[in-house]
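>
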Amino acid sequence: MKKTLIAHSPDADDIFMYYAIKFGWVDMKDTKFDNIAEDIQTLNEKALRGEYEIVAISFALYPHIKEDYAPLRTAVSFGEGYGPKLIKKKGVKLKRNFKVALSGEHTTNAMLFRIAYPDARVTYMNFLEIEQAVLDGKVDAGVLIHESILTYDDKLEVEKEMWDIWQELAGKELPLPLGGMAISRSIPLNKAIEYEATLTKAVQVAREHKSKLSEMLIERDLVRIDAPTLDRYLELYANDDSITLSELQYKAINKLFEIGYKNGFYDSLIKVEDFMIPSEYKEIRNS
0 MKKTLIAHSP DADDIFMYYA IKFGWVDMKD TKFDNIAEDI QTLNEKALRG
50 EYEIVAISFA LYPHIKEDYA PLRTAVSFGE GYGPKLIKKK GVKLKRNFKV
100 ALSGEHTTNA MLFRIAYPDA RVTYMNFLEI EQAVLDGKVD AGVLIHESIL
150 TYDDKLEVEK EMWDIWQELA GKELPLPLGG MAISRSIPLN KAIEYEATLT
200 KAVQVAREHK SKLSEMLIER DLVRIDAPTL DRYLELYAND DSITLSELQY
250 KAINKLFEIG YKNGFYDSLI KVEDFMIPSE YKEIRNS
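For the sequence shown, position 109 (counting from the first letter as 1) is numbered 108 according to numbering that gives the first Met the number 0, and the numbering increases by one without interruption.
Rendered as structure tokens:
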């Protein structure tokens, strides 16, 4: 039996979308799944080095790893009128060259922030440390991601919603592409198709049994937030639109790549559809 490692972030939406597999509700023939949770920038960096076969990534990273990984259609997180938040201490006026903490060089929010605030002095740190860094005055502001967008200290206030920056740059109503999964091109195509189908089923089953799964995650201390906050958070980032990419979501990812290309973050302009696993291959092969 092949052992397959899935690397994802420790935030509640990734855990929720994976744990239908961990709890044995979804499986794959001749395959034993295991998982590891690491912060998103660590995952991005390891994807750049090709260290994991199946890994969660920021969408903004993908053009840098397109030759080595295919994006999966499932376990995706988008913002719809919400997303990461640029926060500061209440009442503080930010200077043009304010010091800001971001969660990683290759995150989607970092790319959008750097385009919108080219004069800011950027420092990168683990996303769990950003809120405290602002409170302690180590930085003037920080971009919060994951659950912290719902739970930040009341001494802080929002300077700018990354959703608003996205809308200004995208120029139209599109969901904000934040993160998804990628699979190594070293995996045989037929097997990669099975992995994608299994992971898609896991997200679907998780959504169908949201209440029970959420209860189990909280009982086992697998998430950092309470039940009401978890319920709210999952409706933001692990909702029914996370099961499989829609046409609108494809357009949004391509717009993100276009924005990155125009602002010098990528060497070439790509369309995400051109790099997906050709799922029709298995049907053709078996016909």
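Idealized CB from N, CA, C, for every residue including glycine. For clarity, every value in this text was computed on a predicted model and none was experimentally measured.
Is it the case that the Cβ atoms of Leu149 and Tyr232 are separated by a distance below 8 Å?
Result yes, Cβ atoms of Leu149 and Tyr232 sit closer than 8 Å.
> Where does Pro62 land, buried or exposed, given buried means 16+ other C-beta within 10 angstroms?
Buried: at least 16 other Cβ atoms inside 10 Å.
> Can you tell me which of the three DSSP states Pro227 falls into?
The answer is helix: DSSP assigns Pro227 an H, G or I state.
> In terms of residues, what are the limits of the alpha helix (DSSP H) holding Ile144?
Run containing Ile144: none; DSSP gives neither H nor E here.
> Over the uninterrupted alpha helix (DSSP H) stretch that includes Ile64, give me the two end residues.
No alpha helix (DSSP H) holds Ile64; DSSP gives it neither H nor E.
> Going by C-alpha distance, which of Asn125, Ile5, Val133 is nearest Val157?
Checking every option, the nearest Cα to that of Val157 belongs to Val133.
> Kindly identify the DSSP beta-bridge partner or partners of Tyr123.
DSSP lists Leu101 as partners of Tyr123.
> Considering just the uninterrupted stretch of the alpha helix (DSSP H) at Leu47, what are its terminal residues?
Start and end: 39-47.
> Who does Phe32 pair with in a DSSP beta bridge?
For Phe32, which the question treats as bridged, DSSP gives the partners Thr3.
> Would the C-beta of Ile5 count as close to the ligand ADP, meaning under 7 Å from any of its heavy atoms?
With respect to small molecules bound, the structure shown includes none, and the ligand ADP cannot be examined in it.
> Under 8 Å: do the segment 34-53 and the segment 92-107 share three or more Cβ pairs, one atom per stretch?
As far as the Cβ criterion goes, the segment 34-53 touches the segment 92-107, which means the pair count is three or higher.
> Buried or exposed for Ile242, please, with buried defined as at least 16 other CB atoms from any protein chain shown within 10 angstroms of its CB.
Buried is the call here.
> Rounded to the nearest angstrom, how far is the Cβ of Pro83 from that of Ile144, given a contact under 8 Å?
Correct: roughly 5 Å between the Cβ atoms.
> Which class does Ile283 belong to by DSSP, given the choice of helix, strand or coil?
Its pLDDT being 43, under 50, Ile283 is placed unreliably in this model, and the value from its coordinates should be taken loosely. Looking at Ile283 - three-state DSSP - the assignment turns out to be helix.
> Could you tell me whether the segment 211-230 touches the segment 182-189, where touching means 3 or more Cβ pairs closer than 8 Å?
They do not touch, by the three-pair rule.
> With 16 as the cutoff for other CB atoms within 10 Å, does Ser267 come out buried or exposed?
Looking at its Cβ environment, which holds fewer than 16 other Cβ atoms inside 10 Å, Ser267 is exposed.
> Please go through the same chain and pick out, in chain order, the residues whose beta-carbon is closer than 6 Å to the beta-carbon of Lys261, but skip the five residues on each side of it.
Excluding positions up to five away in sequence, the list is empty.
> Could you tell me which uninterrupted alpha helix (DSSP H) segments, each at least 4 residues in length, are contained entirely in the segment 177-237, listed from first to last along the chain?
List check, alpha helix (DSSP H) in window: 188-207, 209-218, 226-236.
> Verify whether the separation of the beta carbon atoms of Thr3 and Phe22 is less than 8 Å.
Going by C-beta atoms, Thr3 is not nearer than 8 Å to Phe22.
> Give me the DSSP bridge partner(s) of Val54.
According to DSSP, which records beta bridges pairwise, Val54 is partnered with Ala6, Ala181.
> DSSP three-state label for Leu134, please.
Note: Leu134 maps to helix in three-state DSSP.
> What's the call for Pro176, buried or exposed, on a 16-neighbour Cβ count within 10 Å?
When all chains shown are included, Pro176 counts as buried.
> Of the residues Glu257, Val202, Val142, Gln166, which one's Cα is nearest the Cα of Gly179?
Closest option to Gly179, Cα to Cα, is Val202.
> Since Ser245 sits in a beta bridge, which residues does DSSP pair it with?
Per DSSP, none; premise fails for Ser245.
> Residues bridged to Leu15 by DSSP?
What sits at residue 15 in the sequence shown is Phe, not Leu. Phe15 is not bridged to any residue.
> Tell me the rounded alpha-carbon separation between Ser239 and Ala19.
Note that residue 239 corresponds to Asp in the displayed sequence, not to Ser. Rounded to the nearest angstrom, the two C-alpha atoms are 15 Å apart.
> Suppose you measure from the CA of Ser245 to the CA of His7; what does that come to, to the nearest Å?
Rounded to the nearest angstrom, the two C-alpha atoms are 22 Å apart.
> Quick one, are the C-beta atoms of Leu101 and Trp165 less than 8 Å apart?
For Leu101 and Trp165, no; Cβs fall outside 8 Å.
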